[in-house]
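Note that the protein sequences, when read in sequence, are chains A and B. Per our numbering, residue 1 is the first one in the first sequence, and the count goes up by one each step. Per our numbering, residue 1 is the first one in the second sequence, and the count goes up by one each step. Idealized CB from N, CA, C, for every residue including glycine. One structure is given below, encoded as structure tokens.
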Amino acid sequence: MPVTIAISIDDACASLDAHPGALVLAGGTDLMVEVNRGVRRIDHVVAVDRIPELRGWSIEGDHDPVHGQVLRLGAGTTCADLAEPALASLVPALAQAARTVGSPQIRNAATLGGNLATASPAGDTLPVLAALDAEVELRSTDGTRRLPLDEFVTGVKANALNPGELITAIRVRVLDGPQEFLKVGTRNAMVIAVTSLALVVDRPGRTVRVALGSVAPVPLRATEAEVLMAERLDFEGLTTPEPELVNRFSELVADAARPIDDHRSSAAYRTHAVGVLARRAILRAFSGPVPEPA
Amino acid sequence: MTVVETGAETDDGTSVGPRIGENAPRPDGVPKVTGDFAFSSDLHHDRMLWGATLRSPHAAARIGGIDTSPALAMNGVHAVLTHADVPGSPTYGLEHRDQPVLAGDVVRYEGEPVAVVAADHPDTARRALAAIHVDWQPTEPLVDPALAETADPIHPDGNVIRRIHLRHGDQAAAQRDDLVSVEGTYEVGMQDQAFLGPESGMAVPDEDGGVDLYVATQWLHVDRDQVAACLDLPHEKVRLTLAGVGGAFGAREDLSLHVHLCLLALRTGRPVKMSYGREESFHGHVHRHPARMWYRHHATTDGDLVRVEAHLLLDGGAYASSSGAVIANATCFAAGPYMVPSVEIEGVVVRTDNPPCGAMRGFGAVQTCFAHEAQMDRLAAALDMDPVALRLRNALEPGDRLATGQVITGTLPVAEVIRACADHPSAAVGSDEPMARPGGAGRTADAEHVVRGEAVAVGFKNLMFSEGFDDSSAARCVLHHGVATITCACAEVGQGFVTLARQIAGEVLGVNEIVLAPVETTSIGSAGSTSASRQTWMSGGAVQLACETVRRELLAGLATTHGLPIDDLVLVDGRVRSLSGDLDLSLAELTAEPVEADVVHRHAPTSTLDADGQGDAHVSFAVSAHRAIVDVDPDLGLVKVVELTTSQDVGRVLHPLQALGQLEGGAAQGVGLAVMEEVQVANGRIRNASFTDYLIPTALDMPPLEVAALIEQPEPGAPFGAKGIGEPPSISSTAAVAAAVRDATGLDLPRVPVRPSDICLVANPESGEAA
């Protein structure tokens with residue numbers, strides 16, 4: 001089986017162009033499982049793990065006080081990289097999601113681009129990227145295009161990659177506000193998500209954005225819950241919301257879930273759990289002191 | 001614990017060999033850690049072909065026909081074999097020959113082997129499997145064990161594999177109105193042994209028409225007998241050698257790829273290797289029996305047990321394997337290590353189209369321990385009694401009768417292990433570390449979401465084979481030039497016999513150089529199975545007997561020659577010395593001509609169980625207790641085992657570190673069964689045949705094990721007084737963890753593994769009955 005070891009993005013794109021159907025290998029933590037199970041046959045591999053341009057991250061453009069800065073994450077950024085303090089301080093929920101992936105060995109190899117390419121409903125970084133309104137940068141010999149995350153992930157393990165295209169980067173806004181990621185699994189580590197929830201707060205934008213994992217074919221935004229909270233929360237003081245509001249938020253998040261029964265859990269548990277996660281996430285993010293009674 | 005490194009130079013420069021009671025280094029320890037150890041999957045031969053197995057995609061189906069010709073026509077395919085190619089017995093089995101080598105006209109479980117191929121590359125072999133055409137005619141599988149007895153037989157041997165109706169004492173003992181009774185129905189899911197090294201082996205054909213099989217197994221000779229019968233070859237033409245074993249836990253007691261490899265090697269005239277992948281491995285070995293168990297306990301208001309009634313239903317799956325012995329254990333130990341004057345237990349193991357079940361660590365006692373300990377807690381609640389006090393009040397002791405009528409003549413420190421465990425100070429504290437809470441790395445719980453629970457459980461089982469089985473182990477000791485060579489067919493599956501055999505030889509012979517001969521079937525008789533907590537006693541005893549025989553022969557000659565009483569002679573560090581100091585001879589020189597002994601070691605005979613399940617069926621018993629402290633997040637149903645404390649009846653510790661390893665590993669398997677490990681079977685199909693979805697505990701799930709006490713009461717008849725210690729840790733640990741989760745939540749939780757939804761989606765938390 002031929003393997004192209006690409007040393008630049010152009011190099012990789014040229015190989016993908018020349019070998020239609022070639023598989024991209026980054027960390028291999030998803031791909032090799034499928035290969036070893038015999039469910040995926042490989043005719044040609046383009047290895048992208050030695051392309052320096054795919055690693056690392058940068059802040060793009062000038063500071064925008066309303067929308068925040070844009071963080072560009074190379075697709076080869078590993079889960080271990082995401083958990084490094086400098087990067088974790090910019091996108092804490094993404095760091096927390098990355099920390100829940102597999103074991104240290106897996107986190108050293110697994111990449112953000114790979115998590116996107118696999119597009120599993122249980123992909124741990126996907127709810128965070130959905131909540132952050134991430135943009136996926138794709139490159140081919142024809143050029144570069146950008147897709148919003150919800151257009152990129154199209155179904156269970158399905159994405160909008162065209163033949164010959166490589167995921168090169170992910171763009172997210174650096175937000176001013178708390179971020180949470182919570183993940184339920186039936187083991188305390190190294191477990192596929194039964195359900196997960198990402199919650200990010202944009203204080204200047206006065207929004208709370210919530211996305212759910214493992215409760216639908218694709219990461220879901222809990223839009224009604226977001227609308228409710230945008231109207232009702234104290235974005236300056238991050239004051240703890242009233243119990244009724246938290247309950248309503250939790251219900252709306254649970255209502256947004258569209259889970260299935262499978263061998264990892266029942267739909268009923270997933271719906272229940274995502275509601276609990278919503279309650280806990282909002283209370284962690286909005287934990288400010290209750291104001292003095294008027 | 002004092003650690004004495006042996007096999008190394010001591011301060012005064014003398015070499016000290018392995019001795020009993022020390023942490024002798026494992027000969028296979030470093031290679032296993034560095035990756036140099038050759039496991040069975042590392043077997044290689046320059047001319048070898050790769051074997052692969054076609055398995056049934058259906059839980060139940062008739063086979064209209066099998067067309068192998070498209071596969072045979074493929075380049076690189078050397079053989080495609082079906083049931084028609086099995087020259088000898090078409091079936092095999094540990095207790096009954098009821099399992100086809102390759103299915104003929106019917107399959108009875110998903111994954112049942114139907115055809116095997118040999119090809120020059122594993123991918124070719126896999127493609128050849130896809131090219132075999134099987135005319136499948138699926139039928140409705142029998143998957144509910146409760147329906148098996150009344151359903152049409154799915155096998156000529158019928159659907160009831162074994163029924164035992166045990167009756168002990170006055171059957172009318174509970175017909176009084178002054179007793180407190182508690183009743184419950186309990187379930188245990190199907191656990192997998194989850195060994196790390198999947199099934200693999202290599203068969204090499206011999207010019208004499210025989211075959212050499214290198215395979216990872218627990219019992220070479222019984223494999224050899226079954227393989228030879230299927231190949232229609234005499235025993236001496238089927239030679240088995242132990243290949244590196246990556247864990248066993250009961251899953252390697254049955255044949256898997258053994259006959260297939262030999263058939264392919266004999267057909268092609270080439271060495272053939274086969275290695276299961278992880279998914280195939282889940283279909284390729286037996287699992288722990290799922291159980292449904294109804295119990296009723298009756299006690300006086302003071303807390304004296306009067307009568308225990310139970311009905312046990314175990315799902316044996318499609319073939320018998322060791323189900324008959326498993327249900328015997330489940331039935332015999334169903335009441336737990338308690339003095340119960342009146343007992344009635346009906347134990348039934350049935351055949352279904354579910355995956356076959358057989359041996360796994362704990363062997364029937366795990367399931368019933370979970371149930372009887374839940375009942376004891378329920379009884380304590382009904383009596384308003386401390387659950388530990390209730391257990392102590394009823395604890396069995398030597399001289400008491402078991403439910404089988406057998407009097408305990410050896411040691412059985414039930415009260416001692418309970419007390420040691422329950423009284424051990426707990427070091428468990430609340431943690432500020434979010435990862436240490438239920439949910440772990442997912443960081444789902446804050447401190448205020450967590451409740452804590454604590455419970456103690458105790459369990460016991462038999463050591464070694466029971467019910468009149470003629471159990472033995474053979475060993476040879478050759479002392480030559482001062483070097484002891486030990487030959488024994490005991491399968492090293494990770495338990496540490498390779499260390500122990502050296503320690504025993506070193507202890508008896510005072511030698512420092514000890515060689516273990518390769519483990520195979522031609523040079524020595526059977527050692528029996530590495531299971532049933534029996535090898536330390538049986539093969540350790542055989543090695544001890546062989547070495548003592550050599551020692552006696554050597555010293556008897558010297559005593560005569562030198563006119564000394566034999567008891568005045570000692571063997572120390574490769575020297576023979578007299579106590580008076582007059583004699584000091586080199587063992588190496590004395591054994592210029594080899595001194596050797598061949599022995600067969602047997603334990604005391606046992607009897608069968610009679611029609612009422614009564615009889616002196618067991619050799620010896622061992623008891624253990626666990627105390628679990630757990631944190632639970634009731635809203636999400638997630639559990640973190642915070643602390644696990646154990647005490648165990650061990651007879652005598654021969655190797656402290658290996659003993660600890662057994663206690664830790666067994667407890668981890670017990671924790672797994674309590675909160676996560678289950679082979680999920682839906683309509684006969686396994687849904688989670690991978691380590692992605694069959695979850696076993698990680699370091700975040702298994703707390704450090706606190707050993708409160710190893711109770712050392714030497715067992716009469718056991719080598720150095722040592723009991724087998726491998727199984728008890730997996731028996732009481734599950735029950736303790738489940739009980740601690742009950743304590744934390746107030747829920748009944750009658751089933752393990754406890755699933756998150758069992759905790760947070762229950763409608764009716766207080767359904768426990770107490771009459």
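Unbroken stretches of the alpha helix (DSSP H), 4 residues or longer, contained in the segment 394-463 of chain B: Here the runs fully enclosed are 414-423.
Under three-state DSSP, which class holds residue 313 of chain B? Working through the second sequence from its first residue, we reach residue 313 of chain B at position 313. In the three-state DSSP reduction, residue 313 of chain B falls in the strand class (E or B).
Would residue 315 of chain B pass as a contact of residue 368 of chain B if the rule is Cβ separation under 7 Å? On the second sequence, position 315 is the one that residue 315 of chain B refers to. On the second sequence, position 368 is the one that residue 368 of chain B refers to. No, the pair does not count as a contact, with Cβ atoms beyond the cut-off.
Contact with chain A by residue 757 of chain B, beta-carbon distance below 7 Å: Residue 757 of chain B sits at position 757 when you count from the first residue of the second sequence. Chain A, which has a Cβ nearer than 7 Å to the Cβ of residue 757 of chain B, makes this yes.
Can you check whether the C-beta of residue 765 of chain B is within less than 7 Å of a C-beta belonging to chain A? Counted from its first residue, the second sequence places residue 765 of chain B at position 765. Here residue 765 of chain B scores only 46 on pLDDT, less than 50, and its place in the model is too uncertain to base an answer on.
Would you kindly report the start and end of the unbroken beta strand (DSSP E) that includes residue 708 of chain B? Position 708 of the second sequence, counted from the first residue, corresponds to residue 708 of chain B. Here the beta strand (DSSP E) through residue 708 of chain B covers 705-711.
Compare the Cα-Cα distances from residue 61 of chain B to each of B/35, B/53, B/139 and report the closest residue. Taking the first residue of the second sequence as position 1, residue 61 of chain B is located at position 61. From the listed residues B/35, B/53, B/139, the smallest Cα separation to residue 61 of chain B is found for B/139.
Against chain A, which members of the segment 660-679 of chain B pass a CB distance test of less than 9 Å? Listed by position along the chain: 675, 676.
Nearest CA to the CA of residue 599 of chain B: which residue from B/305, B/99, B/527? Here the question's residue 599 of chain B lines up with position 599 in the second sequence. Ranked by Cα distance from residue 599 of chain B, the first of B/305, B/99, B/527 is B/527.
To the nearest angstrom, report how far apart residue 282 of chain A and residue 177 of chain A are at their CA atoms. Along the first sequence, one-based indexing puts residue 282 of chain A at 282. Along the first sequence, one-based indexing puts residue 177 of chain A at 177. C-alpha separation (whole angstroms): 12 Å.
Contacting residues, own chain, Cβ-Cβ under 8 Å from residue 304 of chain A (five flanking each side not counted): Given that chain A is displayed from residue 1 to residue 294, the structure contains no residue 304 of chain A and the question cannot be resolved.
With 8 Å as the C-beta to C-beta threshold (strictly closer), list the residues of the segment 104-125 of chain B near chain A in chain order. Hits within the stretch: zero.
C-alpha gap between residue 355 of chain B and residue 256 of chain B, whole angstroms: Locating residue 355 of chain B in the second sequence gives position 355, counting from the first residue. Locating residue 256 of chain B in the second sequence gives position 256, counting from the first residue. Approximately 14 Å between the Cα atoms of the pair.
Cβ of residue 189 of chain A less than 7 Å from any chain B Cβ? Looking up residue 189 of chain A in the first sequence gives position 189. Output row for residue 189 of chain A: interface = yes.
Is it the case that the Cβ atoms of residue 167 of chain A and residue 75 of chain A are separated by a distance below 7 Å? For this step, residue 167 of chain A is matched to residue 167 along the first sequence. For this step, residue 75 of chain A is matched to residue 75 along the first sequence. Going by C-beta atoms, residue 167 of chain A is nearer than 7 Å to residue 75 of chain A.
Report, in whole angstroms, the separation of the C-beta atoms of residue 322 of chain B and residue 467 of chain B, which I expect to be a contact under 8 Å. Taking the second sequence and counting its residues from 1, the one referred to as residue 322 of chain B is at position 322. Taking the second sequence and counting its residues from 1, the one referred to as residue 467 of chain B is at position 467. About 12 Å; that fails the 8 Å criterion.
To test your reading of the DSSP string, which unbroken alpha helix (DSSP H) runs of 4 or more residues are found completely within the segment 574-620 of chain B? If one requires a minimum length of 4 residues, the alpha helix (DSSP H) runs lying completely within the segment 574-620 of chain B are 587-590, in chain order.
What is the C-beta distance between residue 18 of chain B and residue 514 of chain B, in whole angstroms, given that I count them as a contact (C-beta under 8 Å)? Within the second sequence, numbered from 1, the residue matching residue 18 of chain B stands at position 18. Within the second sequence, numbered from 1, the residue matching residue 514 of chain B stands at position 514. A Cβ-Cβ separation of about 7 Å places residue 18 of chain B in contact with residue 514 of chain B under the 8 Å criterion.
According to a CB-to-CB cut-off of less than 8 Å, which residues of the segment 626-640 of chain B neighbour chain A? If the cut-off is 8 Å between Cβ atoms, the segment 626-640 of chain B has 635, 636, 637, 638, 640 near chain A.
Given residue 163 of chain B as reference, the closest of B/700, B/173, B/148, B/156 once Cα atoms are compared: On the second sequence, residue 163 of chain B is found 163 positions in, with the first residue counted as 1. The residue with the shortest Cα to Cα distance from residue 163 of chain B is B/148.
Out of B/562, B/532, B/634, which one is the CA nearest neighbour of residue 728 of chain B? As a position in the second sequence, residue 728 of chain B is number 728, starting the count at 1. Per the C-alpha coordinates, the member of B/562, B/532, B/634 positioned closest to residue 728 of chain B is B/532.
Contact defined as beta carbons within less than 8 Å: I believe residue 516 of chain B pairs with residue 502 of chain B. What is the distance between those atoms, to the nearest angstrom? Stepping through the second sequence from its first residue, residue 516 of chain B is reached at position 516. Stepping through the second sequence from its first residue, residue 502 of chain B is reached at position 502. At roughly 7 Å, the Cβ-Cβ gap stays under 8 Å, so residue 516 of chain B and residue 502 of chain B are in contact.
Could you give the distance in angstroms between the alpha-carbon of residue 242 of chain B and the alpha-carbon of residue 215 of chain B? By one-based count along the second sequence, residue 242 of chain B stands at place 242. By one-based count along the second sequence, residue 215 of chain B stands at place 215. If you draw a straight line from the Cα of residue 242 of chain B to the Cα of residue 215 of chain B, it is about 5 Å long.
Give the interface partners of residue 443 of chain B over in chain A, defined as CB-CB distance under 7 Å, in chain order. Numbered from its first residue, the second sequence carries residue 443 of chain B at position 443. 96, 182, listed in chain order.
Per-residue contacts from residue 72 of chain B into chain A (C-beta, under 8 Å): Position 72 of the second sequence, counting from 1, holds the residue named residue 72 of chain B. The premise fails here: residue 72 of chain B is roughly 21 Å from chain A at the closest Cβ pair, so nothing lies under 8 Å.
Is residue 688 of chain B close to chain A? Criterion is C-beta to C-beta, closer than 7 Å. Residue 688 of chain B sits at position 688 when you count from the first residue of the second sequence. So, interface residue.
Between B/258, B/665, B/155, B/633, which lies nearest to residue 40 of chain B when the distance is taken from Cα to Cα? Translated into positions along the second sequence, residue 40 of chain B becomes position 40. Closest by alpha carbon: B/258.
Residues in the same chain with beta-carbon distance under 7 Å from residue 120 of chain A, minus the five sequence neighbours each way, listed in chain order, please. Here residue 120 of chain A refers to the residue found at position 120 when the first sequence is read from its first residue. Here the set comprises 157.
DSSP three-state call for residue 18 of chain B: helix, strand or coil? By 1-based counting over the second sequence, the position of residue 18 of chain B is 18. DSSP places residue 18 of chain B outside both helix and strand once states are collapsed to three, so it counts as coil.
Identify the contact partners of residue 36 of chain A in chain B, using a Cβ-Cβ distance below 9 Å as the criterion. Taking the first residue of the first sequence as 1, we reach residue 36 of chain A at position 36. Neighbours of residue 36 of chain A across chain B, judged by C-beta separation under 9 Å: 277, 278.
Per the contact definition of three or more C-beta pairs closer than 8 Å, is the segment 587-596 of chain B in contact with the segment 480-493 of chain B? When C-beta atoms of the segment 480-493 of chain B are compared with those of the segment 587-596 of chain B, three or more pairs fall below 8 Å, so the two segments count as touching.
Taking the continuous alpha helix (DSSP H) assigned at residue 72 of chain B, which residues delimit it? Stepping through the second sequence from its first residue, residue 72 of chain B is reached at position 72. Per DSSP, residue 72 of chain B belongs to the alpha helix (DSSP H) from 69-72.
Looking at the secondary structure, which residues open and close the alpha helix (DSSP H) in which residue 504 of chain B lies? Translated into positions along the second sequence, residue 504 of chain B becomes position 504. Residues 497-509.
Return the bridge partner residues of residue 488 of chain B from the DSSP annotation. As a first step, residue 488 of chain B must be located in the second sequence, where it is residue number 488. Residue 488 of chain B is bridged to B/475.
Option nearest residue 35 of chain A by Cα separation, candidates A/68, A/1, A/18: Position 35 of the first sequence, counted from the first residue, corresponds to residue 35 of chain A. It is A/1 whose Cα lies nearest to the Cα of residue 35 of chain A.
Using alpha carbons as the reference points, say which of A/127, A/193, A/105, A/116 lies closest to residue 219 of chain A. Along the first sequence, read from residue 1 onward, the residue named residue 219 of chain A stands at position 219. Of the listed residues, the one whose Cα sits closest to residue 219 of chain A is A/127.
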